[in-house]
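Data first, discussion second: the structure below is written as C-alpha cells.
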Amino acid sequence: MRSIWKGSLAFGLVNVPVKVYSATEDHDVAFHQVHAEDGGRIRYQRRCEVCGEVVSYDQIAKAYDSEDGQRVILTDEDFDSLPAQAKHEIEVLQFVPSEQIDPILLDRSYYLEPDSRSPKAYALLRRTLEETDRTAVVHFALRGKTRLAALRVRGDVLVVQTMIWPDEVRAAEFAALEEQPTISKKELAMSASLVESMAEDFDPTAFTDEYTAQLKQLIDDKLSGGESFTAVEKEEEPTDVVDLVAALRKSVEARKKAREAS
Numbered sequence: 001m002r003s004i005w006k007g008s009l010a011f012g013l014v015n016v017p018v019k020v021y022s023a024t025e026d027h028d029v030a031f032h033q034v035h036a037e038d039g040g041r042i043r044y045q046r047r048c049e050v051c052g053e054v055v056s057y058d059q060i061a062k063a064y065d066s067e068d069g070q071r072v073i074l075t076d077e078d079f080d081s082l083p084a085q086a087k088h089e090i091e092v093l094q095f096v097p098s099e100q101i102d103p104i105l106l107d108r109s110y111y112l113e114p115d116s117r118s119p120k121a122y123a124l125l126r127r128t129l130e131e132t133d134r135t136a137v138v139h140f141a142l143r144g145k146t147r148l149a150a151l152r153v154r155g156d157v158l159v160v161q162t163m164i165w166p167d168e169v170r171a172a173e174f175a176a177l178e179e180q181p182t183i184s185k186k187e188l189a190m191s192a193s194l195v196e197s198m199a200e201d202f203d204p205t206a207f208t209d210e211y212t213a214q215l216k217q218l219i220d221d222k223l224s225g226g227e228s229f230t231a232v233e234k235e236e237e238p239t240d241v242v243d244l245v246a247a248l249r250k251s252v253e254a255r256k257k258a259r260e261a262s
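The opening residue of the sequence shown carries number 1 in the UniProt record's numbering; numbering runs sequentially from there.
Have a look at this one:
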C-alpha cells in the first residue's frame, strides 16, 4: 500500500507520527462507453464555453459562483494557503463511548501506521482505547477538505473513519411513519421467534458479491465465446488542426457570400 497522507496524531501533550493509508478498495468492474453500432470509444472533451478550445487537466481550475452571478477562481495555492489544510495533524478533540457514534455518520476508513522508530506512544493510545472502550473524535484536513472522524482500534492497528457532518444527514420524513399500526403480542412473539431462528455470529467472509462474480463470468464467456474484437483506438486530432479547419470553412463561406452580394 502507498500512504496518502503523512503527519502526526496529537492527544494532549502526546504526539504520534503516523502515515495514513486507504483501508478499503473498490473491486467493481470498470466499463467504457462505446458506440453500440461499431464498438468505437465514446470520449468527452473538456471544452471551454468562452473560447471554444479543448483544455487539458492542468489548465483547469476550480471556481465559485455567487448568488448574484459573480465568479472567483481558486488555485491550488489558494487551497494550500488555508490554515486547516497546511496543518498536518490529526487532533483528538474528545473521547466518547463507542456506542454513541451513530453508524450513519461514518464514511471512509483509513489505517494509521506508526511513523517513528519507537511506536510506544502509538501502542499506548491503542491499548487505552481498547481498555476504556472509547472512541476518539478527531479533526484533520485531507484532500482539500476538513474532516471530522472517529479514531478506533481494529485488531493491532488504529483506524480513522471519516464522518459526514450532522447537517449532511437527511431527515427521514415519511408520511407512512406517522401512522402507528397495532401489533399484537402474538405477531411480535412470532417475529422474535423468527429472528432467534436466524441468529448467528456475524462473519463478513461468509458473504460474496454475487452480482460482480456473475458479471465477471459473463465477460469471460463473451471473451472465450468469439464475441470479442480488437479495439482500434483512433488518435485525437490536435485542437489547433480542428480549429484551423473550422476557420477555413468559415472563410470559404464568407467569400461565397461576398461574391453573391457583389
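Where is the CB? At the ideal position from N, CA and C, for every residue including glycine.
Being a predicted model, the structure only gives us computed values, none of them experimental.
Can you list, in chain order, the residues of its chain whose CB lies under 7 angstroms from that of isoleucine 104, leaving out five sequence neighbours each side? Here the question's residue 104 lines up with position 104 in the sequence shown. Closer than 7 angstroms at Cβ, skipping near neighbours: Val169.
For leucine 158, count the other beta carbons within 10 Å of its own beta carbon; 16 or more makes it buried, fewer makes it exposed. Which is it? Looking up residue 158 in the sequence shown gives position 158. The residue in question, leucine 158, is buried, as its Cβ has 16 or more Cβ neighbours within 10 Å.
At the level of alpha carbons, what is the spacing between proline 97 and lysine 62? Counted from its first residue, the sequence shown places residue 97 at position 97. Counted from its first residue, the sequence shown places residue 62 at position 62. If I take the Cα positions, the gap works out to 40 angstroms.
Backbone secondary structure at serine 224 - three-state DSSP: Position 224 of the sequence shown, counted from the first residue, corresponds to residue 224. Note: serine 224 maps to helix in three-state DSSP.
Would you mind listing the alpha helix (DSSP H) stretches within the region 81-146 that are 4+ residues and don't spill past its ends, in chain order? 83-86, 120-132
Would you say glutamate 67 and histidine 139 are within 8 angstroms of each other, going by their C-beta atoms? Counting from one through the sequence shown, the residue named residue 67 turns up at place 67. Counting from one through the sequence shown, the residue named residue 139 turns up at place 139. Not in contact: glutamate 67 and histidine 139 (Cβ atoms no closer than 8 angstroms).
Quick one: complete alpha helix (DSSP H) runs, 4+ long, within the region 174-226? 175-178, 185-197, 210-224
Considering only heavy atoms of the ligand ATP, does any lie closer than 7 angstroms to the CB of proline 181? For the structure depicted, the ligand ATP is absent and the ligand set is empty, with no information on it obtainable.
Strictly by DSSP, which residues pair up with aspartate 65? Mapped onto the sequence shown, residue 65 falls at position 65. Paired residues: Arg71.
For arginine 126, which option in Pro166, Glu99, Val160 has the closest C-alpha, if you only look at C-alpha atoms? On the sequence shown, position 126 is the one that residue 126 refers to. The candidate whose alpha carbon is nearest that of arginine 126 is Val160.
Hey, how far is the Cα of leucine 82 from the Cα of histidine 88? Working through the sequence shown from its first residue, we reach residue 82 at position 82. Working through the sequence shown from its first residue, we reach residue 88 at position 88. Leucine 82 and histidine 88: Cα-Cα distance of roughly 12 angstroms.
Let me know if threonine 135 comes out buried or exposed under the rule of 16 or more other beta-carbons within 10 Å of its beta-carbon. In the sequence shown, the residue the question calls residue 135 occupies position 135. Threonine 135 is buried by the Cβ-count criterion.
In terms of DSSP beta bridges, what is glycine 7 paired with? For this step, residue 7 is matched to residue 7 along the sequence shown. Its beta-bridge partners are Val18.
Report the three-state DSSP secondary structure of alanine 36 (helix, strand or coil). Translated into the one-based positions of the sequence shown, residue 36 becomes position 36. Of the three classes helix, strand and coil, the one that applies to alanine 36 here is coil, per DSSP.
DSSP-derived helix/strand/coil call for glutamine 45: Stepping through the sequence shown from its first residue, residue 45 is reached at position 45. Three-state result, glutamine 45: coil.
With DSSP collapsed to three states, give me the class of alanine 254. Locating residue 254 in the sequence shown gives position 254, where the first residue counts as 1. It is helical.
Which first and last residues belong to the beta strand (DSSP E) in which valine 159 is found? Here residue 159 refers to the residue found at position 159 of the sequence shown. Its beta strand (DSSP E) spans residues 157-163.
Note down, in chain order, each residue of its chain lying with its Cβ closer than 7 angstroms to the Cβ of glutamate 130, except the 5 sequence neighbours on either side. Here residue 130 corresponds to residue number 130 of the sequence shown, with the count starting at 1. Cβ within range, chain order: Val153.
Mark leucine 202 as exposed unless 16 or more other C-beta atoms lie within 10 angstroms of its C-beta, in which case mark it buried. For the purposes of this step, residue 202 is taken as residue 202 along the sequence shown, with counting starting at 1. Before going further, note that residue 202 is phenylalanine rather than leucine in the sequence given. Its Cβ having fewer than 16 others within 10 Å, phenylalanine 202 is exposed.
For glutamate 114, count neighbouring C-beta atoms within 10 Å of its own C-beta (all shown protein chains included) and say buried if the count is 16 or more, exposed if not. Within the sequence shown, the letter at position 114 stands for residue 114. Note on identity: in this sequence residue 114 is proline, with glutamate being the wrong assignment. Buried, because 16 or more other Cβ atoms sit within 10 Å of the Cβ of proline 114.
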